[in-house]
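As they're listed, the protein sequences go chains A and B. Numbers given in our numbering equal positions in the first sequence, counted from 1, plus 2. Numbers given in our numbering equal positions in the second sequence, counted from 1, plus 52. Just so it is clear, CB atoms sit at the ideal spot from N, CA and C, and this is done for glycine as well.
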Amino acid sequence: MPFREINSKMVEATVVPGQKMYSQRGAMLAYKGDVSFTPNIAGGQGGLMSMIGRRVADEATPLMTVEGSGTVMFGHGGHHIQVIGLTGDTLYVEADRLLAFDGTLQQGTMFMGSQGGVMGMVRGQVTGQGLFTTTLKGHGAVAVMAHGGVIELPITPGRPVHVDPQAYVAHHGDVRNKLSTALGWRDMVGRGSGEAFQLELSGSGAVYVQASEEKL
Amino acid sequence: MFRLQGSKVLAVDMTGDSVKAKNGSMVAYDGHMDFKKLSGGGEGIRGMVTRRLTGEQMTMMEVKGQGTCYFADRASEINLVSLHGDKLYVESSNLLCTDGGLRTGTSFTGLRGGATGNGLFTTTVEGTGQAAIMSDGPAVVLRVTPQYPLSVDPGAYIAHQGGLQQQFQSGVTFRTLMGEGGGEAFQIRFEGDGLVYVQPSERNTIGGDV
Numbered sequence: 003m004p005f006r007e008i009n010s011k012m013v014e015a016t017v018v019p020g021q022k023m024y025s026q027r028g029a030m031l032a033y034k035g036d037v038s039f040t041p042n043i044a045g046g047q048g049g050l051m052s053m054i055g056r057r058v059a060d061e062a063t064p065l066m067t068v069e070g071s072g073t074v075m076f077g078h079g080g081h082h083i084q085v086i087g088l089t090g091d092t093l094y095v096e097a098d099r100l101l102a103f104d105g106t107l108q109q110g111t112m113f114m115g116s117q118g119g120v121m122g123m124v125r126g127q128v129t130g131q132g133l134f135t136t137t138l139k140g141h142g143a144v145a146v147m148a149h150g151g152v153i154e155l156p157i158t159p160g161r162p163v164h165v166d167p168q169a170y171v172a173h174h175g176d177v178r179n180k181l182s183t184a185l186g187w188r189d190m191v192g193r194g195s196g197e198a199f200q201l202e203l204s205g206s207g208a209v210y211v212q213a214s215e216e217k218l
Numbered sequence: 053m054f055r056l057q058g059s060k061v062l063a064v065d066m067t068g069d070s071v072k073a074k075n076g077s078m079v080a081y082d083g084h085m086d087f088k089k090l091s092g093g094g095e096g097i098r099g100m101v102t103r104r105l106t107g108e109q110m111t112m113m114e115v116k117g118q119g120t121c122y123f124a125d126r127a128s129e130i131n132l133v134s135l136h137g138d139k140l141y142v143e144s145s146n147l148l149c150t151d152g153g154l155r156t157g158t159s160f161t162g163l164r165g166g167a168t169g170n171g172l173f174t175t176t177v178e179g180t181g182q183a184a185i186m187s188d189g190p191a192v193v194l195r196v197t198p199q200y201p202l203s204v205d206p207g208a209y210i211a212h213q214g215g216l217q218q219q220f221q222s223g224v225t226f227r228t229l230m231g232e233g234g235g236e237a238f239q240i241r242f243e244g245d246g247l248v249y250v251q252p253s254e255r256n257t258i259g260g261d262v
C-alpha cells in the first residue's frame, strides 16, 4: 500500500524512483525528499485518444505527475479521504473525487449511459453524476475524497445494495448499476419521502457510500 | 437494532418492522425497503393542527422492510439514545431516526425557543426504544442531579431526557446593552434529574449576538 492514512483527512504516499504517481493538481500539502510535480497536460495516461475522450466526457480534472524519491502528503478541501486497494479489478469513480492514485493503474473513461440504455441517460441527469465516469484498473491503491465519513458495503449476488445517488462515492468489482425509481403519485404532488431515486447495484463487489448527501 | 457504522452513519437492521427517519436521510440499503412520508406533530387531525400552529415542520418518513438500511445527514455525528418509557426532548432538526414504536409529538418550550432560534416548540419522543440524534461534532452527555443543576448555551443544546425543569436565564446587564457583553447573555438552566446532550458547536441564535 503506497498510501498511509495520517488522519481521516490526510494521506501520505511514498514515492520511489521509476514509479509514477498521479494526483489532483494542488492536492500536495507537504513533502519530504526529492520529489517533482509536473502538470499533466494529457490529464492522465493513455495517450491522445484517451485525452480527447476525457475532454469530451468532461471528466478532465487537472492531474499532475508526482515523481522522485521521498514522501508526499495529500489532502484537499478538508474532505474525508478513503484509500481503496485494487487487486486486478476496476474502480468506478467520478474524476473530481480522485485525490491520488498509483501510476501503475490503467486510467480510462466509461460511458455510463451505455449501461441501462435510456435509463442510464436519465440516471446521469438525475443523479448529477454525469454520463461519464472514470475507471481505474489494475493492482494498486487509490485515494478518493468524500464529504463526511465513508462506509464500504459489500455487494453479493442475490443481495443488491441500493444507494442514494447523492451519497454514492465509488464502486468496484463486477457490478451492474441501474436507476430505480419509487416515484408514486405522492412524489408528484410533493408529498414524497425524499427517497424517489435510488441507484441499484447488483453483482459482486463493493460500493463506497458517504455519510452525507452533499456533493464535494 | 440500531448500530453506528463509524460515527456518522447509522445502520438499522430490520426484519419487517419499521422506523421513522428524517426525510431524505437514507444513504443506502440492502434487502427490500419501502419509504413513506409522515408529518411531524403527531398523527391525525390534532397533529395536523399542531403542525399548522407551531410551525414545527418536522418532515419524517416511515421506512419499513427487510434488510439493513443506512442513514446519514450532512456528515453530522450521530448519538444513540435509549428510552425506557421516558420522554426525549429534541430540536426537530437534530432528530435523525427513531424506533417505529416510539411516539413523536410537539411541545411548547416557552421563551427559550425564541433565543435558540428554533421556534417556540420542540419535538418530543416518548415510549420504549431507541432514537438517533445528530450533533455538529461529537456530543457530550451531561448528567443533571438535584444537587448539580446545569446551564447550557442555547446554541449548543441539542436534546434532554428525564425529569428536568428548564428555565431560561438571561444575564443581560448594563454592559451588554453598551455592547460590552461577554457574549454569553442567555443560557438554559436545567434542574432536576436527567441527561442533557450538548454539541461542541453553536448554531446561530439571537442570544449569540448579544
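- Taking 7 Å as the cut-off, the beta carbon of valine 196 of chain B is found closer than this to the beta carbon of glycine 246 of chain B.
- With respect to lysine 22 of chain A, threonine 67 of chain A sits close: the two C-beta atoms are nearer than 7 Å.
- For chain A, none of the residues of the stretch 139-162 of chain B brings a beta carbon within less than 7 Å of one of its beta carbons.
- Nearest to methionine 12 of chain A by alpha-carbon distance, out of A:Pro19, A:Tyr24, A:Ala29, is A:Ala29.
- DSSP lists A:Val95, A:Thr111 as the beta-bridge partner residues of threonine 136 of chain A.
- Chain A places no beta carbon closer than 7 Å to that of lysine 116 of chain B, leaving this residue out of the contacts.
- A Cβ-Cβ separation of about 7 Å places alanine 124 of chain B in contact with glycine 150 of chain A under the 8 Å criterion.
- Residues of chain B whose Cβ lies closer than 7 Å to the Cβ of valine 146 of chain A do not exist; the shortest such Cβ separation is about 15 Å.
- Inter-segment contact for the stretch 160-168 of chain A and the stretch 60-73 of chain B is absent: fewer than three beta-carbon pairs are separated by less than 8 Å.
- About 7 Å separates the beta carbons of isoleucine 8 of chain A and methionine 75 of chain A, which is inside the 8 Å limit, making them a contact pair.
- In this structure, valine 211 of chain A keeps its C-beta atom at 7 Å or more from the C-beta atom of valine 144 of chain A.
- At the C-beta level, proline 252 of chain B and glycine 152 of chain B stay beyond 7 Å of one another.
- Per the coordinates, the alpha-carbon of tyrosine 94 of chain A lies some 24 Å from the alpha-carbon of lysine 60 of chain B.
- Contact of serine 59 of chain B with chain A by beta-carbon distance below 9 Å involves Gly151, Ala213.
- Annotation for arginine 255 of chain B: no beta strand (DSSP E) segment contains it, and DSSP assigns it neither H nor E.
- Around glutamate 216 of chain A, the beta-carbon contacts reaching into chain B at under 7 Å are Arg126.
- A check of alpha carbon separations from glutamine 182 of chain B across B:Ala211, B:Leu140, B:Ser134 identifies B:Ser134 as the nearest.
- The shortest CA-to-CA distance from phenylalanine 238 of chain B to any of B:Gln217, B:Val115, B:Pro206 is the one to B:Pro206.
- The beta-carbon of leucine 101 of chain A is placed no less than 7 Å from the nearest beta-carbon of chain B.
- For arginine 27 of chain A, the closest alpha carbon among the candidates A:His173, A:Leu203, A:Val177, A:Arg99 is that of A:Arg99.
- Inter-residue distance for glutamate 96 of chain A and glycine 105 of chain A is about 18 Å (C-alpha atoms, whole angstroms).
- Residue contact with chain B for leucine 138 of chain A: absent (no Cβ-Cβ distance below 7 Å to any residue of chain B).
- Counting along the chain, the unbroken beta strand (DSSP E) around serine 203 of chain B starts and ends at 202-204.
- Distance from the CA atom of lysine 74 of chain B to the CA atom of asparagine 179 of chain A, rounded to whole angstroms, is 26 Å.
- Following the DSSP letters along the chain, one finds lysine 139 of chain B inside the beta strand (DSSP E) bounded by residues 129-142.
- Residue contact with chain A for aspartate 69 of chain B: absent (no Cβ-Cβ distance below 7 Å to any residue of chain A).
- In the displayed model, serine 145 of chain B falls within a helix according to three-state DSSP.
- Beta-bridge annotation (DSSP): asparagine 9 of chain A is paired with A:Met12.
- Going by beta carbons, alanine 184 of chain B and leucine 62 of chain B fall inside the 7 Å limit.
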